[in-house]
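Asker: The opening residue of the sequence shown carries number 368 in our numbering; numbering runs sequentially from there. Here a beta-carbon is modelled for each residue, glycine too, at the ideal position from N, C-alpha and C. Just so we're clear, the structure is a prediction, and the values are computed from it rather than from any experiment.
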Amino acid sequence: MISVFVALTGLIIGSFLNVCIFRIPREESIAFPPSHCMKCDTRIKPYDLIPILSYVILRGKCRKCGDKISIRYPLIELLTGSIFFLVYLQFGLSFELIKFLILTCFLIVIGMIDYDTTDVYTEVSIAGIVIGLLFLGYALLYGNNAITFVFGAILGGGIIAIIILLTHGMGWGDCEICVLCGLYLGFKLTIVMLFFSFVVGGIIGMLLIVFKIKSRKDYIPFGPFIVIGSFISIFLGDKIINYYMNFL
Numbered sequence: 368m369i370s371v372f373v374a375l376t377g378l379i380i381g382s383f384l385n386v387c388i389f390r391i392p393r394e395e396s397i398a399f400p401p402s403h404c405m406k407c408d409t410r411i412k413p414y415d416l417i418p419i420l421s422y423v424i425l426r427g428k429c430r431k432c433g434d435k436i437s438i439r440y441p442l443i444e445l446l447t448g449s450i451f452f453l454v455y456l457q458f459g460l461s462f463e464l465i466k467f468l469i470l471t472c473f474l475i476v477i478g479m480i481d482y483d484t485t486d487v488y489t490e491v492s493i494a495g496i497v498i499g500l501l502f503l504g505y506a507l508l509y510g511n512n513a514i515t516f517v518f519g520a521i522l523g524g525g526i527i528a529i530i531i532l533l534t535h536g537m538g539w540g541d542c543e544i545c546v547l548c549g550l551y552l553g554f555k556l557t558i559v560m561l562f563f564s565f566v567v568g569g570i571i572g573m574l575l576i577v578f579k580i581k582s583r584k585d586y587i588p589f590g591p592f593i594v595i596g597s598f599i600s601i602f603l604g605d606k607i608i609n610y611y612m613n614f615l
C-alpha cells in the first residue's frame, strides 16, 4: 500500500513539474496564476487537473475551447509516478528515499527544460544544490560518510569543467547539473553517472547524425543524458560497481 501511495504522490507531483517545465523558461511564477488554458485563458477546474485521468476523460482537449492538450503532460506525470514507485522499491522507507525522490524532481525539470530550450536555469540547479547541502549536513550530524558526497560534487563538476575549458564543447549548465547530481549520488555513483551520460549521449548523438535528424554542427543538449546517467546510477550503480570489482 505504501508503494501505491508513493506512486500516486509522484503522479500529483508530476503535474506540478509540468508547470515548472512550462513556466520557468518563460520566467513566469510557478504559483500564480493558477493553471489555465493557454488559448482561451479559462482557469482549469480542480476536477480537470487529476493526473492522467483528466487527460483521458477530456480526450486531450480543453473542456472550454477544445484546444489540444499536449500528450507530454500525462507522460511526465506517468514518468514521475513510475520513478517514485521504483525509488521506493529500491530504498524503502529511508533517508535515501526522500533524497532520491527530491533529486528525481530536479532531474525531470532540468532535463526537460534543457531538452526544450538547450538552457539550464541556474535558479533550478542552485535550489537543488542547496537542498543537497542540507542532506549533506544531515549526514554529518548523524555521523554518516558525508565526504563522499563532497567528492561526488567535485568530481562531477570538475570533469565537465575540464571538458569545457579544453574543448568548449559543453556548457556551464552541464557543470551545474553534475555538481548537483554528485552531491546526491556520492563519489562512486557519480563515476557511474558520468560514464553512462557519455555513453548514452554518444550513442544517441551518433544515431541523430546518421539518420540526419541533426548535423555535426548542431548543438545537442547534454542535460538529458546526465539525467539518464543519473537514473542508471541510482537504480543500478551499486550492482555495476560490485560486478566490476568482482570482475577485476
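Could you tell me the distance, in whole angstroms, from the CA atom of K435 to the CA atom of I419?
Answerer: As a working note, residue 435 is residue 68 in the sequence shown. As a working note, residue 419 is residue 52 in the sequence shown. One C-alpha to the other measures close to 15 Å.
Asker: May I ask you to report which of helix, strand or coil DSSP gives K555?
Answerer: For the purposes of this step, residue 555 is taken as residue 188 along the sequence shown, with counting starting at 1. K555 falls in the helix class under three-state DSSP.
Asker: Could you check the C-alpha separation between I595 and Y505 for me, to the nearest Å?
Answerer: On the sequence shown, position 228 is the one that residue 595 refers to. On the sequence shown, position 138 is the one that residue 505 refers to. Taking the straight line joining both Cα atoms gives about 27 Å.
Asker: In three-state terms, what does DSSP make of R430?
Answerer: The count along the sequence shown starts at 1 and reaches residue 430 at position 63. Coil at R430, not helix or strand.
Asker: I want to know whether the region 492–501 touches the region 458–477 - three or more CB-CB distances under 8 Å.
Answerer: yes
Asker: Would S492 be called buried (16 or more neighbouring beta carbons within 10 Å of its own) or exposed?
Answerer: Indexing the sequence shown from 1 puts residue 492 at position 125. Looking at its Cβ environment, which holds 16 or more other Cβ atoms inside 10 Å, S492 is buried.
Asker: Using a threshold of 9 Å, state whether the C-beta atoms of F451 and G377 are closer than that.
Answerer: Here residue 451 is taken as the residue at index 84 of the sequence shown, counted from 1. Here residue 377 is taken as the residue at index 10 of the sequence shown, counted from 1. A contact, by the Cβ cut-off of 9 Å.
Asker: Could you compute how far the alpha carbon of G381 sits from the alpha carbon of L375?
Answerer: Sequence index remark: in the sequence shown, residue 381 carries index 14 (1-based). Sequence index remark: in the sequence shown, residue 375 carries index 8 (1-based). Roughly 10 Å between the two C-alpha positions.
Asker: For chain D, find out if any of its Cβ atoms is closer than 9 Å to the Cβ of I480; answer yes or no.
Answerer: Given the protein chain composition of this structure (a single chain), no chain D is represented.
Asker: Would you give the residue range spanned by the alpha helix (DSSP H) that R439 belongs to?
Answerer: Here residue 439 refers to the residue found at position 72 when the sequence shown is read from its first residue. R439 -> alpha helix (DSSP H) spans R439 to F458.
Asker: For M612, count neighbouring C-beta atoms within 10 Å of its own C-beta (all shown protein chains included) and say buried if the count is 16 or more, exposed if not.
Answerer: For the purposes of this step, residue 612 is taken as residue 245 along the sequence shown, with counting starting at 1. Exposed.
Asker: Touch check for the region 537–552 and the region 504–521: three-plus C-beta pairs under 8 Å?
Answerer: yes
Asker: Any idea which residues DSSP pairs R312 with across the strands?
Answerer: The chain is shown from 368 up to 615; residue 312 falls before or after that span and cannot be answered.
Asker: For the alpha helix (DSSP H) containing E490, list its first residue and its last residue.
Answerer: Position 123 of the sequence shown, counted from the start, is the residue given in the question as residue 490. Note, E490: alpha helix (DSSP H), T489 to L508.
Asker: Mind checking S600: buried by the 16 CB within 10 Å criterion, or exposed?
Answerer: Walking along the sequence shown from the start, residue 600 turns up at place 233. S600 should be labelled buried.
Asker: Using the Cβ count rule (16 or more neighbours within 10 Å means buried), how would you classify S582?
Answerer: Translated into the one-based positions of the sequence shown, residue 582 becomes position 215. Under this definition S582 is an exposed residue.
Asker: Evaluate I391 with the Cβ neighbour count: other Cβ atoms within 10 Å of its Cβ, from every protein chain shown; 16 or more gives buried, anything less gives exposed.
Answerer: Your numbering for residue 391 matches position 24 in the sequence shown. With a threshold of 16 other beta carbon atoms within 10 Å, I391 meets it and is buried.
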